[in-house]
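Chemist: Residue numbers (this note's numbering), protein chains in the order written: chain A, 12 to 236; chain E, 12 to 236. In this text, a Cβ means the ideal position worked out from N, Cα and C, and glycines have one as well. Only a predicted model underlies this, so the values are computations on that prediction, with no experimental measurement involved. First the structure, which I've put down as structure tokens, then a few questions once you've had a look.
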DNA sequence: GCATATATTTGCGTATGCGTTAAAGAATGC
DNA sequence: GCATTCTTTAACGCATACGCAAATATATGC
């Protein structure tokens with residue numbers, strides 16, 4: 012696990028990482044346009060690696076390249092949220108079912124349980140950022156245990172797309188108490204090998220999240236984030 | 012519908028289209044390596060657009076860029092088939108359910124029905140290529156009716172990934188008679204608004220296809236295609 | 001002979017330059 | 001005024017150039 016291998020990283024990779032950060036942090040606002048040359052200058056590199064990074068991020072659904080308009084940070088509308096949560100609901104609960112069928116031991120599930128206890132502690136302390144981080148780990152680990160790398164890749168990509176929206180709603184929503192119970196329920200179901208329960212609990216979990224988020228966005232008239 | 016708009020198309024777009032064709036046709040064999048400069052020369056353009064195209068196709072799961080080894084056409088293993096069909100099964104049957112709930116009229120479903128009758132005719136005439144083409148249309152149209160653009164995009168991408176494998180197995184497998192019945196069943200269920208039936212029939216349909224294909228690959232010792 | 005060190009090759013990552021062309025502004029006609 | 005055409009501008013698409021580093025070939029030591 013100590014393969015630091017800190018090789019200098021290519022400019023394209025740096026550009027991808029930095030642009031992602033700028034998007035997630037909101038420094039590049041949703042809907043805003045940015046010329047390739049401006050981005051290149053601000054990142055201290057030429058247009059070529061910025062363009063390649065933009066192409067990659069476009070395929071991940073974070074950006075849109077509009078010739079002569081600049082690179083546009085894609086906003087997320089309530090309808091986008093619906094689409095994304097529909098996919099997350101179906102694929103993650105499938106992964107939960109598969110994980111339950113796989114017969115994992117306590118060791119395999121250590122990371123998953125850790126994410127849950129972290130969430131519980133964060134919730135007690137009302138540290139929402141820490142909760143969100145652990146929640147992200149829970150879902151990533153769940154799909155990993157599902158044993159389908161494509162599902163994992165899709166889920167991670169879609170989670171990136173709604174990251175900003177989640178961050179802004181984090182302080183608007185009620186404390187995710189129910190959410191935590193559901194996580195625990197999914198975990199227990201996988202542990203005892205109950206595939207149907209794992210699927211159904213997780214399915215309900217994501218449906219609740221979707222409903223709550225979309226209502227929140229519409230109540231606050233947030234047509235895009 | 013007559014917006015030909017035959018604008019000259021950028022070199023990058025040409026490269027994407029042509030490389031896709033070369034991959035699907037097998038002219039660029041699975042697992043084969045190709046230098047960027049070779050591809051550029053054979054396409055009559057410089058490395059830049061080829062690189063951009065390769066980056067795009069890499070994000071679609073068709074290629075892999077391995078520095079100094081060349082651009083590699085990704086082979087599809089039986090396990091890849093399992094993963095891909097698992098995703099297709101879940102997302103398409105969700106789309107079928109949604110399509111059934113949407114209350115479409117005959118007009119909305121014309122393209123779907125057309126794909127089915129085309130498959131039936133192709134099957135009678137034992138024209139497998141034509142059958143495969145219409146089958147592709149059926150699945151693309153189904154997810155379109157599902158009303159979730161992300162599902163449509165994912166499904167189309169994954170179908171591209173297994174296109175070569177499907178083409179090679181097309182003549183090894185029994186005539187897809189059952190398949191046609193299932194298509195018809197899904198169509199009827201959507202038409203009468205029976206969401207559960209639409210979901211379940213399509214789910215079974217894809218599970219059958221997955222099972223048949225994987226068994227076929229393993230029986231013929233096709234470890235990658 | 002085999003292992004290691006050194007030299008050479010060459011493909012890629014990135015910078016740079018330029019022609020094309022879409023968009024914005026100015027000018028003209030109505 | 002408003003629409004239309006002409007002019008200007010500048011961002012992008014792509015070609016090209018080049019240094020670096022990985023891969024291969026060659027040389028050297030044991």
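Is it buried or exposed for residue 222/A, if we count other Cβ within 10 angstroms and need 16 for buried?
Modeler: Exposed, since its Cβ has fewer than 16 Cβ neighbours within 10 Å.
Chemist: In chain order, which continuous runs of the alpha helix (DSSP H) of length 4 or greater are located wholly inside the segment 180-227 of chain A?
Modeler: Entirely contained in the segment 180-227 of chain A, the alpha helix (DSSP H) runs reaching 4 residues are, in chain order, 188-202.
Chemist: Short check: CB of residue 82/E to CB of residue 74/E, under 9 Å?
Modeler: Closer than 9 Å, so yes.
Chemist: Report the three-state DSSP secondary structure of residue 230/E (helix, strand or coil).
Modeler: Reduced to three states, the DSSP call for residue 230/E is helix.
Chemist: Along chain E, which residues have their Cβ under 8 Å away from the Cβ of residue 180/A?
Modeler: Result: empty, since nearest Cβ-Cβ is about 20 Å, beyond 8 Å.
Chemist: Given a cut-off of 9 Å on the beta-carbon distance, is the pair residue 86/A and residue 158/A in contact?
Modeler: It is not a contact, given that the beta carbons lie outside the stated cut-off.
Chemist: On the CB-based measure, 16 or more other CB atoms within 10 Å of its CB, does residue 109/E come out buried or exposed?
Modeler: Label assigned to residue 109/E: buried.
Chemist: Based on DSSP bridge pairs, tell me the residues matched to residue 84/E.
Modeler: According to DSSP, residue 84/E bridges with 74/E.
Chemist: Determine the burial state of residue 207/E: buried for a count of at least 16 other Cβ atoms within 10 Å of its Cβ, exposed for fewer.
Modeler: Per the 10 Å Cβ criterion, exposed.
Chemist: Taking residue 105/A and residue 201/A to be in contact with their CB atoms under 8 Å, please state how far apart those CB atoms are, rounded to whole angstroms.
Modeler: The Cβ separation is near 13 Å, so there is no contact.
Chemist: Look up residue 44/A in the DSSP assignment and give the residues it is bridged to.
Modeler: Residue 44/A pairs with 83/A.
Chemist: Could you list the residues in the segment 91-102 of chain A with a C-beta less than 9 Å from some C-beta on chain E, going in chain order?
Modeler: Answer set for the segment 91-102 of chain A: 91, 93, 94, 95, 97, 98, 100, 101, 102.
Chemist: Applying a beta-carbon distance threshold of less than 9 Å, which residues of chain A neighbour residue 162/E?
Modeler: By Cβ distance, chain A contributes 94, 97, 98, 101.
Chemist: Identify whether residue 119/E lies in helix, strand or coil by the three-state DSSP scheme.
Modeler: In the structure shown, residue 119/E sits in coil (DSSP, three-state: anything other than H, G, I, E or B).
Chemist: Would residue 225/E pass as an interface residue toward chain A - the criterion being a Cβ-Cβ separation below 9 Å?
Modeler: Chain A, which has no Cβ nearer than 9 Å to the Cβ of residue 225/E, makes this no.
Chemist: Beta carbons nearer than 7 Å to chain A: which residues of the segment 143-174 of chain E have them?
Modeler: The segment 143-174 of chain E vs chain A, Cβ under 7 Å: 159, 160, 161, 162, 165.
Chemist: Where does residue 159/A sit, in a helix, a strand or coil, going by DSSP?
Modeler: Reduced to three states, the DSSP call for residue 159/A is coil.
Chemist: Which chain E residues are close to residue 128/A, counting only those with a beta carbon under 7 Å from its beta carbon?
Modeler: Here the premise fails: no neighbours, minimum Cβ distance about 30 Å.
Chemist: Tell me the rounded alpha-carbon separation between residue 133/A and residue 140/A.
Modeler: Looking at the two C-alpha atoms, the distance is approximately 8 Å.
Chemist: Could you tell me the distance, in whole angstroms, from the CA atom of residue 210/E to the CA atom of residue 107/E?
Modeler: Rounded to whole angstroms, residue 210/E to residue 107/E spans 5 Å at the Cα level.
Chemist: Just how far apart, CA to CA, sit residue 189/A and residue 96/E?
Modeler: Spanning the two alpha carbons is a distance of roughly 33 Å.
Chemist: Check whether the Cβ atoms of residue 54/E and residue 66/A sit closer than 9 Å, and answer yes or no.
Modeler: No. Outside cutoff.
Chemist: What is the DSSP secondary structure of residue 61/A, reduced to helix, strand or coil?
Modeler: Of the three classes helix, strand and coil, the one that applies to residue 61/A here is helix, per DSSP.
Chemist: Name, going along the chain, the residues of the segment 61-72 of chain E whose beta-carbon falls closer than 9 Å to a beta-carbon of chain A.
Modeler: Within the segment 61-72 of chain E, the qualifying residues are 62, 63, 66, 67, 69, 70, 71, 72.
Chemist: Measure the alpha-carbon distance for residue 233/E versus residue 195/E and round it to whole angstroms.
Modeler: Going by the C-alpha atoms only, they are around 31 Å apart.
Chemist: Determine the direct distance from the alpha carbon of residue 178/E to that of residue 124/E, and round the result to whole angstroms.
Modeler: Rounded to the nearest angstrom, the two C-alpha atoms are 23 Å apart.
Chemist: Have a look at residue 84/E and residue 35/E and give me their C-alpha separation to the nearest angstrom.
Modeler: Their backbone Cα atoms lie some 10 Å apart in a straight line.
Chemist: Taking 9 Å as the threshold (beta carbon to beta carbon), is residue 115/E in contact with chain A?
Modeler: No - not a single Cβ of chain A is within 9 Å of the one on residue 115/E.
Chemist: According to the Cβ coordinates, are residue 239/E and residue 94/A closer than 9 Å?
Modeler: Nothing can be reported for residue 239/E, as the shown portion of chain E is limited to 12 through 236.
Chemist: Shortest alpha-carbon distance to residue 151/E belongs to which of 138/E, 169/E, 136/E?
Modeler: For the residues 138/E, 169/E, 136/E, the minimum Cα distance to residue 151/E belongs to 169/E.
Chemist: Using the Cβ count rule (16 or more neighbours within 10 Å means buried), how would you classify residue 217/E?
Modeler: Residue 217/E should be labelled buried.
Chemist: Cutting at 8 Å between CB atoms, please list the residues of its own chain near residue 193/A, excluding the five before and the five after it.
Modeler: Same-chain partners within the cutoff: 212, 213, 215, 216, 219.
Chemist: At which residues does the alpha helix (DSSP H) containing residue 98/A begin and terminate?
Modeler: Looking at the DSSP string, the run of the alpha helix (DSSP H) that includes residue 98/A is 89-112.
Chemist: Quick check: residue 23/A and residue 51/A, are their CB atoms within less than 9 Å of each other?
Modeler: No. Outside cutoff.
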